[in-house]
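Student: Position 187, counted from 1, in the sequence shown is what the numbering used here calls 208; the numbers after and before it change by one each time, with no gaps.
Even for Gly, the Cβ is constructed at its ideal location relative to N, Cα and C.
These numbers were taken from a predicted model, which means no experiment stands behind them.
Can you read through this structure? Questions will come right after.
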Amino acid sequence: MPVCIECGEPVNNLYIEYGRGNIKLLQCDKCQTFADKYLEYDFVIIFIDMLLHKRPVYRHLLFNRLSYTPAGWNSGLVKLAILLVLFEVYMKWFRLDRMDKAVAPAHVALHAQYIYILGICAIETFMFHLGVRLCAGIVTRGTLTRQQYNQMSMALVVSSFGKILLIVMVVWDYGNLDPSFLVNVLVCTSNMEALSVFLKTRFATTFAVLGTGMLFKLGAQYCIRKYDPNIELTFI
């Protein structure tokens with residue numbers, strides 16, 4: 022059911038369509054503002070508001086814009102999640118190369134080294150989502166359905182859009198500066214905003230949920246590091 026992006030109150034309809042491409046936005050009965058002004062906004066404005074961490078834009082995306090399967094998945098966001106994992110692979114390989122640490126012995130084929138790093142990033146991502154789901158289940162006292170758990174994962178994916186900005190590291194050479202830290206901070210704060218909107222919780226509670234996911238990810242890195250000392254420990 023769609024919601025008002027300003028107050029989060031469920032609404033029956035967001036607009037009335039008089040003809041193809043001719044719509045009239047409806048107001049929310051509670052706050053008396055347009056239920057979803059972003060329906061008439063360009064993607065560029067939506068993207069800028071995502072960068073600014075505006076809560077209404079996440080309500081628009083998570084509740085009014087995105088469509089989900091009965092299981093709670095969105096095919097486009099699943100593809101984005103795969104892309105984000107591939108970006109993680111690049112960043113991990115980039116850091117290891119900058120620190121002059123070998124990914125694997127020299128005789129190991131390049132594609133095998135890539136698959137090895139890909140496996141590590143996939144495990145880290147899985148553990149992060151697992152930690153978030155477990156803590157969210159505790160916070161909501163087990164009221165979340167399987168569909169809502171999957172939708173929550175989709176919320177984490179869409180709010181991790183900032184990782185795509187790491188593509189600039191391929192284009193420009195930043196020398197000793199590592200912009201990945203700033204990008205990771207952006208992703209972390211965006212995740213907090215999206216989770217807060219989806220779970221309808223305060224930031225302190227959301228921080229605990231997200232922090233649990235980070236601890237699970239850190240735990241996975243620690244276990245992997247016992248067998249491969251080259252793997253670094255990172256919260257985000």
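Mind checking who residue 36 pairs with in its DSSP beta bridge?
Tutor: What you label residue 36 is simply residue 15 of the sequence shown in a count that begins at 1. DSSP, once it has assigned bridges, lists 46 as partnering residue 36.
Student: Kindly indicate which residue of 164, 188, 208 has the alpha-carbon position closest to the one of residue 182.
Tutor: Here residue 182 corresponds to residue number 161 of the sequence shown, with the count starting at 1. For the residues 164, 188, 208, the minimum Cα distance to residue 182 belongs to 208.
Student: If we count the other Cβ atoms within 10 Å of its Cβ and call it buried at 16 or more, is residue 233 buried or exposed?
Tutor: Here the question's residue 233 lines up with position 212 in the sequence shown. Label assigned to residue 233: buried.
Student: Would you kindly work out how many angstroms separate the C-alpha atoms of residue 19 and residue 201, rounded to a whole number?
Tutor: Lying outside 22 to 257, the shown extent of the chain, residue 19 is not represented and no answer is given.
Student: Of the choices 48, 41, 33, 40, whose alpha-carbon is the least far from that of residue 27?
Tutor: Against the sequence shown, residue 27 aligns to sequence position 6. Out of 48, 41, 33, 40, 48 has the C-alpha closest to the C-alpha of residue 27.
Student: Just to confirm the assignment, what range does the alpha helix (DSSP H) spanning residue 148 have?
Tutor: Along the sequence shown, read from residue 1 onward, the residue named residue 148 stands at position 127. Segment 131-160, the alpha helix (DSSP H) holding residue 148.
Student: Regarding residue 115 and the ligand NAP, is the C-beta to nearest heavy atom distance less than 7 angstroms?
Tutor: As far as ligands go, the structure on display features none, and thus does not contain the ligand NAP.
Student: Roughly how many angstroms separate the alpha carbons of residue 223 and residue 46, rounded to a whole number?
Tutor: Counting from one through the sequence shown, the residue named residue 223 turns up at place 202. Counting from one through the sequence shown, the residue named residue 46 turns up at place 25. Rounded to the nearest angstrom, the two C-alpha atoms are 29 angstroms apart.
Student: Out of 217, 250, 230, 245, which has the shortest C-alpha to C-alpha gap to residue 77?
Tutor: To locate residue 77, count along the sequence shown from 1; it is residue 56. Comparing Cα positions, the closest option is 217.
Student: Could you spell out the range, first to last residue, of the alpha helix (DSSP H) harbouring residue 234?
Tutor: As a working note, residue 234 is residue 213 in the sequence shown. Looking at the DSSP string, the run of the alpha helix (DSSP H) that includes residue 234 is 224-248.
Student: For residue 52, which residues in the same chain have their Cβ closer than 6 angstroms to its Cβ, ignoring the five residues on either side in sequence?
Tutor: Residue 52 sits at position 31 when you count from the first residue of the sequence shown. Closer than 6 angstroms at the Cβ level, and outside the excluded window around residue 52, lie 27, 28.
Student: In three-state DSSP terms, what is residue 77?
Tutor: Looking up residue 77 in the sequence shown gives position 56. The answer is helix: DSSP assigns residue 77 an H, G or I state.
Student: Classify residue 211 as buried or exposed, calling it buried when 16 or more other Cβ atoms lie within 10 Å of its own Cβ.
Tutor: For the purposes of this step, residue 211 is identified with residue 190 of the sequence shown, where counting begins at 1. With 16 or more Cβ atoms within 10 Å of its Cβ, residue 211 is classed as buried.
Student: Taking residue 219 as the reference, which of 130, 90, 180 has the closest Cα?
Tutor: Walking along the sequence shown from the start, residue 219 turns up at place 198. Checking every option, the nearest Cα to that of residue 219 belongs to 180.
Student: Please go through the same chain and pick out, in chain order, the residues whose beta-carbon is closer than 6 angstroms to the beta-carbon of residue 101, but skip the five residues on each side of it.
Tutor: Here the question's residue 101 lines up with position 80 in the sequence shown. Same-chain partners within the cutoff: 178.
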